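Shown next, in structure tokens, is the structure this report addresses.
There are 2 protein chains.
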Amino acid sequence: MNFLEERIIAEGVVKSGEVLKVDSFLNHQMDMELLDDIAREFKLRFFGKPVTKVLTIETSGIGLACAVAREFDVPMVYARKTASVNLDADAYVAEVDSYGTGKVRQIMVSRKFLKPEDHVLIVDDFLANGCALQGLIALVEDAGASVTGCGVAIEKSFQEGGHRIRNLGYHLESLAIVERLDPETGAITFGTE
Amino acid sequence: MNFLEERIIAEGVVKSGEVLKVDSFLNHQMDMELLDDIAREFKLRFFGKPVTKVLTIETSGIGLACAVAREFDVPMVYARKTASVNLDADAYVAEVDSYGTGKVRQIMVSRKFLKPEDHVLIVDDFLANGCALQGLIALVEDAGASVTGCGVAIEKSFQEGGHRIRNLGYHLESLAIVERLDPETGAITFGTE
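Taken in sequence, the protein lines are chains E and B.
Going by our numbering, the final residue of the first sequence carries number 299, and the count climbs one at a time with no gaps.
Going by our numbering, the final residue of the second sequence carries number 299, and the count climbs one at a time with no gaps.
Below, the structure is given as structure tokens:
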């Protein structure tokens with residue numbers, strides 16, 4: 107087990123066969139040292155690949171994306187889920203199924219922050235059905251920029267997202283791949299790609 | 107002018123007499139080095155005061171709060187604006203007027219992450235009418251924890267938030283205090299407390 111898998115075993119809580127809570131260290135409450143460790147691991151896994159920007163989607167991935175951006179010494183940009191009073195009308199827009207709420211929502215990023223010359227590392231805390239990553243990939247490609255790869259902390263391999271993203275040919279790195287959650291015993295089983 | 111005021115002059119855009127856009131470096135797109143500089147400045151300004159946790163509210167303050175938490179070597183917690191499928195029912199709840207949307211929303215933080223022994227530094231990117239900070243203060247006090255102070259990047263002193271928070275006796279530090287925004291000329295005037 108790697109450091110993230112160990113932390114998940116120590117503090118993660120199985121809420122159902124599909125929901126794993128890691129809110130004591132990865133989202134809601136965040137352990138900065140752990141986020142930096144994950145960022146350093148992505149630095150190794152994407153070694154030699156160009157990265158000019160880190161992109162995530164609000165909200166729970168922002169802390170991790172900040173740590174990754176800092177490790178790569180590039181800016182971090184997060185896609186917004188709703189139009190805000192402060193957001194330019196001049197934005198790239200994609201549609202995303204939200205796993206948490208089941209609603210389809212638009213996500214957007216200002217055209218100022220994604221340029222054709224950008225090489226983008228997409229980062230998120232969780233990968234489930236892959237809709238968030240696919241939405242982010244669509245934003246990058248709309249901008250004519252390149253997707254360097256996707257780095258997620260936790261992939262739930264019993265959902266189709268990881269399979270889907272890899273099948274599309276993207277370089278996806280997941281630090282912990284959860285194969286099975288047992289709500290009866292609370293057991294968490296890890297797997298590989 | 108300090109480093110943040112200089113950056114605001116260089117890249118900030120006056121959208122109206124009330125709205126200053128700093129989305130190229132503070133929110134939407136974030137400059138990690140700038141966030142670290144702001145975090146170091148808060149470390150100086152709250153020197154000698156106990157801090158066991160950094161608290162912010164989603165979304166735009168999360169990046170800055172992460173940088174501050176890392177500088178103080180403590181966890182970061184963000185209050186959520188809506189109930190999520192993953193959030194405990196067992197949460198502290200407060201009401202907040204959202205400046206961006208004008209709606210009253212509930213914010214909440216899990217009881218697990220605020221304890222009576224905590225000394226909390228509240229962090230946000232903007233201070234306008236002070237409702238977000240007051241909501242966060244209410245969460246901390248509901249938990250029986252102590253508010254060490256509030257650190258914000260940009261205070262708009264032509265709105266009443268800063269005055270209100272200081273009047274209540276809280277230690278508030280704002281790195282850039284914007285006194286006036288001129289939508290005609292685009293001029294930004296800084297002031298002091």
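Backbone N, C-alpha and C define an ideal beta-carbon position, used for all residues, glycine too.
Bear in mind that the values here come from a model prediction, so they are computed numbers and not experimental data.
Over the uninterrupted beta strand (DSSP E) stretch that includes residue i, give me the two end residues.
i	result
L233 (chain E)	H225 to L233
S270 (chain B)	Note on identity: in this sequence residue 270 (chain B) is Arg, with Ser being the wrong assignment. It is not in any beta strand (DSSP E) - R270 (chain B) instead sits in the alpha helix (DSSP H) that spans G267 to N273.
F98 (chain B)	Beyond the ends of chain B as shown, which are 107 and 299, falls residue 98 (chain B); an answer cannot be given.
D203 (chain B)	A197 to D203
V125 (chain B)	Segment: none, V125 (chain B) is in no beta strand (DSSP E) and carries neither H nor E.
V183 (chain B)	M182 to A185
Can you give me the start and stop residues for the alpha helix (DSSP H) that residue i sits inside?
i	result
L281 (chain B)	Run containing L281 (chain B): none in the alpha helix (DSSP H); it sits in the beta strand (DSSP E), L278 to L287.
A175 (chain E)	I168 to F178
A249 (chain E)	Careful: A249 (chain E) lies outside any alpha helix (DSSP H) and carries neither H nor E.
E164 (chain E)	Where E164 (chain E) is concerned, there is no enclosing alpha helix (DSSP H), given that its DSSP letter is neither H nor E.
M138 (chain B)	M138 to R151
R217 (chain B)	Neither: R217 (chain B) is in no alpha helix (DSSP H) and is coded neither H nor E.
E117 (chain E)	F109 to E117
Please compile the residues from chain B whose C-beta is within a distance smaller than 9 Å of the C-beta of residue i.
i	result
F296 (chain E)	The premise fails here: F296 (chain E) is roughly 20 Å from chain B at the closest Cβ pair, so nothing lies under 9 Å.
Y276 (chain E)	Going along chain B, no residue has its Cβ under 9 Å from Y276 (chain E), so there is no contact; the nearest lies around 23 Å.
Comparing the C-beta of residue i with each C-beta of chain B, is any distance below 7 Å?
i	result
P181 (chain E)	yes
C172 (chain E)	yes
T165 (chain E)	yes
G292 (chain E)	no
E117 (chain E)	no
E266 (chain E)	no
For residue i, would you say it is in contact with chain E, using Cβ-to-Cβ distances shorter than 7 Å as the test?
i	result
G236 (chain B)	no
I168 (chain B)	yes
R146 (chain B)	no
P175 (chain B)	Sequence check: residue 175 (chain B) is Ala here, not Pro. Answer yes: the Cβ-Cβ gap between A175 (chain B) and chain E drops below 7 Å somewhere.
Please list, in chain order, the chain E residues whose beta carbon lies closer than 8 Å to that of residue i.
i	result
Y198 (chain B)	The premise fails here: Y198 (chain B) is roughly 12 Å from chain E at the closest Cβ pair, so nothing lies under 8 Å.
Give a single yes or no on whether residue i has its beta carbon closer than 6 Å to a heavy atom of the ligand SAH.
i	result
K127 (chain B)	Although the ligand SAH was asked about, the structure shown includes no ligands whatsoever.
Below 9 Å between beta carbons is the criterion; list the residues of the region 130–141 of chain B that meet it against any residue of chain E, in chain order.
Taking 9 Å as the upper bound on Cβ-Cβ separation, chain E lies near residues S130, F131, N133, H134, Q135, M136, D137, M138, E139 and L141 of the region 130–141 of chain B.
Chain-ordered residues of the region 211–223 of chain B with a beta carbon less than 9 Å from chain E
Of all residues in the region 211–223 of chain B, only V215, S216, K218 and F219 come within less than 9 Å of chain E when Cβ atoms are compared, listed by chain position.
Determine, using beta-carbon pairs with one atom in the region 143–153 of chain E and one in the region 225–232 of chain B, whether at least three such pairs fall under 8 Å.
These segments do not touch.
When you compare the region 159–177 of chain B with the region 162–178 of chain E, are there three or more beta-carbon pairs, one atom per stretch, that lie closer than 8 Å?
Yes, since at least three Cβ pairs between the region 159–177 of chain B and the region 162–178 of chain E fall closer than 8 Å, the two stretches touch.
Contact the region 174–187 of chain B vs the region 156–166 of chain B: 3+ CB pairs below 8 Å:
yes
Quick check: the region 276–292 of chain B against the region 250–263 of chain B, are there 3 or more CB pairs under 8 Å?
yes
Would you check if there are 3 or more beta carbon pairs closer than 8 Å linking the region 119–128 of chain B to the region 289–296 of chain E?
Too few Cβ pairs lie closer than 8 Å, so no.
Would you check if the region 109–117 of chain B and the region 237–244 of chain B touch, i.e. whether three or more CB-CB distances between them fall below 8 Å?
no
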